[in-house]
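Going letter by letter, the sequence shown gives residues 219 to 331 in our numbering. Let me begin by presenting the structure, written as structure tokens, before commenting on it.
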Amino acid sequence: EIYRSEKRNHQKAVNFYFRLSPIKPIEPIARRLKYQVDQKMIEITCNDRLGKKVRIKCNPTDKVSDLKKLIAAQTGTPWEKIVLKKWYTVYKDHITLRDYEINDGMNLELYYH
């Protein structure tokens, strides 16, 4: 009985220490880095319904503004004038493709501002 209570107190002390410790565990960071290294490029199709259909290869960690710059390089339009939509969702420049759940093979609508 005494041994169990000592073990329980020790576990409480360990939990308390790690809660206050400024050092974060390494495992989740390493898992995130491994995911970023092992990620594969995705291919996105953008259609403006005026005859231009562009296929772009990019990373899921790229931002929407990076995707717009790649589209602008292929179409010749300024990237600031490009608006990307899917149904009624207008994609904002500072958010990543992964956050919007844009996956390999998706079609986006290409509009001009």
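Ideal Cβ positions, reconstructed from N, Cα and C, are used throughout, including at glycine. From a predicted model like this one, the values you see are computed outputs, not experimental measurements.
| Asked | Found |
| --- | --- |
| With a Cβ-Cβ cutoff of 8 Å, do L302 and K286 count as a contact? | yes |
| Of all the options L328, Y329 and L288, which has the alpha carbon lying nearest to the alpha carbon of K275? | L288 |
| Starting from I289 and walking both ways along the alpha helix (DSSP H), at which residues does that stretch end? | V282 to T293 |
| In whole angstroms, give me the CA-to-CA distance for I260 and D284. | 14 Å |
| Please report the residue range of the beta strand (DSSP E) in which R267 lies. | Where R267 is concerned, there is no enclosing beta strand (DSSP E), given that its DSSP letter is neither H nor E. |
| Tell me the DSSP secondary structure of E219 in three-state form. | Only weak support is given to the placement of E219: the predicted model assigns it a pLDDT of 48, under 50, and the value that follows is read from those uncertain coordinates. In this structure, E219 counts as coil in the three-state DSSP scheme. |
| If distances are taken between C-alpha atoms only, which option among Y306, E298 and N325 comes closest to H312? | E298 |
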